[in-house]
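Asker: Okay, here's the structure, questions in a sec.
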Amino acid sequence: RTAWLQHLAARPDAICAIQSHLQCSGFNLSCAEVHHSECPQDCDVSNSFTEPCYSVAYDVTVQYFKLLTVWTVIVMVLAAISAVACWTLWYWLKGAIQAATEELQRRDGMDPHVPRALAVVRNLSPER
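Numbering (my numbering), first residue to last: 1381 to 1508.
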């Protein structure tokens, strides 16, 4: 309420614009029936709205916070799914590298290219 009254004294045109945009008048009390200290002068159109601006602004804020909450939950779920997918991929790749290493070690004496292939596979593994 203090900020409303300060703006009302300094910039009544800004309060008129807020009232017009939100279709409200006054802060706690409407200016439609009684002109009081929360009502800007020379705002005939916006002072005619019957709903006080505090309740309208509160409702708008609650609406946006509900939307923000929904999107936050969606992002958190997607982040959790991404984490599980990354962990699954890492686990799968670790198993594939280990299986390839074991297969190459099994063929070590049979193929001349196996030592080079083993070096490549060992470079893929974090445990060097």
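Yeah, the Cβ is synthetic: ideal placement off N, Cα and C, and Gly gets one too. None of these values were measured; they are calculated from a predicted model.
What is the rounded straight-line gap between the Cα of N1408 and the Cα of Y1434?
Answerer: Roughly 6 Å separates the two Cα atoms.
Asker: Determine, using beta carbons only, whether L1388 and V1436 come nearer to each other than 9 Å.
Answerer: No, these two residues do not count as a Cβ contact at 9 Å.
Asker: Terminal residues of the continuous alpha helix (DSSP H) containing N1408?
Answerer: Where N1408 is concerned, there is no enclosing alpha helix (DSSP H), given that its DSSP letter is neither H nor E.
Asker: Alpha carbon to alpha carbon, how far is S1462 from A1480?
Answerer: Looking at the two C-alpha atoms, the distance is approximately 26 Å.
Asker: Any contact of the segment 1455–1471 with the segment 1492–1499, i.e. 3+ C-beta pairs under 8 Å?
Answerer: Taking 8 Å as the limit for Cβ pairs, the verdict is that the segment 1492–1499 does not touch the segment 1455–1471.
Asker: Using the C-alpha atoms, what's the distance from T1430 back to V1442?
Answerer: For V1442 and T1430, the distance between alpha carbons rounds to 20 Å.
Asker: Compare the beta carbon distance of S1417 and Q1399 with 9 Å and say whether it is the shorter of the two.
Answerer: Contact: no.
Asker: By the 10 Å Cβ neighbour count, where 16 or more other Cβ atoms means buried, how is G1370 classified, buried or exposed?
Answerer: Any question about residue 1370 goes unanswered here, given that the chain covers just 1381 to 1508.
Asker: Given this structure, state the Cα-to-Cα distance separating F1445 from D1439, to the nearest angstrom.
Answerer: Near 10 Å, if we compare the C-alpha coordinates of D1439 and F1445.
Asker: Which residues mark the beginning and the end of the alpha helix (DSSP H) in which R1486 is found?
Answerer: From DSSP, the alpha helix (DSSP H) with R1486 extends over 1433–1486.
Asker: Where does the unbroken alpha helix (DSSP H) through R1425 begin, and where does it stop?
Answerer: A quick correction: the sequence has Val, not Arg, at residue 1425. Element bounds for V1425: n/a, residue is neither H nor E.
Asker: Just curious, the alpha helix (DSSP H) that Q1403 is in, first and last residue?
Answerer: From DSSP, Q1403 is part of no alpha helix (DSSP H); its letter is neither H nor E.
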